[in-house]
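Throughout the sequence shown, residue numbering follows the working numbering, covering 35 to 247 in sequence. Note that the Cβ used here is the ideal one computed from N, Cα and C, for glycine as well. Structure first, then comments.
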Amino acid sequence: MKALVYTGTQKSEIRDVDVPVAGDDQVLVDLAFCGICGSDMHAWHGHDERRVPPLVLGHEAVGIVQTGVLVGKRVAINPLMTCGDCEFCNSGDEHLCASRELIGMRVPGAFAEKLAIDVRNLTVIDDDLPFAEAALAEPLACSVHAVRLARQLAGDHRDAAIVVLGGGAIGLLAALVFEAYGYGNIQIAETNALRREMLEKIGIMRAYDPLCE
């Protein structure tokens, strides 16, 4: 199969690589779409020593299951691979699993045609949801968790002023999550003028330059 391989600082190339073999409790997913995370760009620029080339990056992925119990299903992929058996996995704190791995970190990621992944890492998505939108599931999940933690720490005050630092993908999604929860006074602090312009076009929140205001 074809894969986009990170080969060194600011270098990548399309290579022929072996099709992954699904292990026990895994399935093979025919990948349809994979977003480019900011962390992928950090790696490509050589700023992440954990990602050692040659490596297939990418973890914001969706596709169609080719093998196993969910064959034919359209799915979004949770990129965090865990043991599934430890006390943390059993209590819903998989992010604390001692054997956790993130696809595209030290194991091959989703800038490829296919991926072998645990069934428990898959969420079935509706047939009418475009893959390009479904690929936002992973960054959206990051924003949902951030908002959840903020509400736990600060309390659920719907009339509070919300300031999100940064108007990139995660910041914008966090603001949208706050809006979905019913918060009205949402502002995004963003130093990039192009991002501020884009945020203002959305029209649901105020974006401002924290260096000037």
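Which residues in the same chain have their Cβ closer than 8 Å to the Cβ of A146, if we skip the five residues on either side of it in sequence?
M35, K36, A37, L38, V51, L65, V90, G92
Cut-off 7 Å between Cβ atoms - residues of its own chain near S46, not counting five sequence neighbours on either side:
L38, V39, Y40, W78
Spell out a yes or no on whether the stretch 201–210 and the stretch 171–182 are touching, meaning 3 or more CB-CB pairs, one atom from each, closer than 8 Å.
yes
Would the stretch 143–157 count as touching the stretch 55–71 if we require 3 or more Cβ pairs under 8 Å?
yes
Give the single residue among P164, Y215, D160, A168 whose Cα lies nearest to the Cα of A184.
Y215
Report, in whole angstroms, the separation of the C-beta atoms of T101 and A56, which I expect to be a contact under 8 Å.
6 Å
For L156, is the classification buried or exposed, using 16 other Cβ atoms within 10 angstroms of its Cβ as the cut-off for buried?
buried
Let me know the secondary structure DSSP gives G97 once reduced to three states.
strand
Since I believe E234 is in contact with A241 (beta carbons under 8 Å), could you give me their beta-carbon distance rounded to a whole number of angstroms?
6 Å
Three CB pairs or more closer than 8 Å across the stretch 188–199 and the stretch 123–135
Taking a cut-off of 8 Å for Cβ pairs, the stretch 188–199 and the stretch 123–135 do not touch, as fewer than three such pairs fall below it.
Alpha carbon of M239 to alpha carbon of L199, nearest angstrom:
Whole-angstrom Cα-Cα distance: 13 Å.
Find the nearest neighbour of Q221 within the set F212, A227, P113, judged by alpha-carbon distance.
F212
For my contact list, L114 and F122 are in at a C-beta cut-off of 8 Å; report their separation, rounded to the angstrom.
About 12 Å separates the two Cβ atoms, so there is no contact after all.
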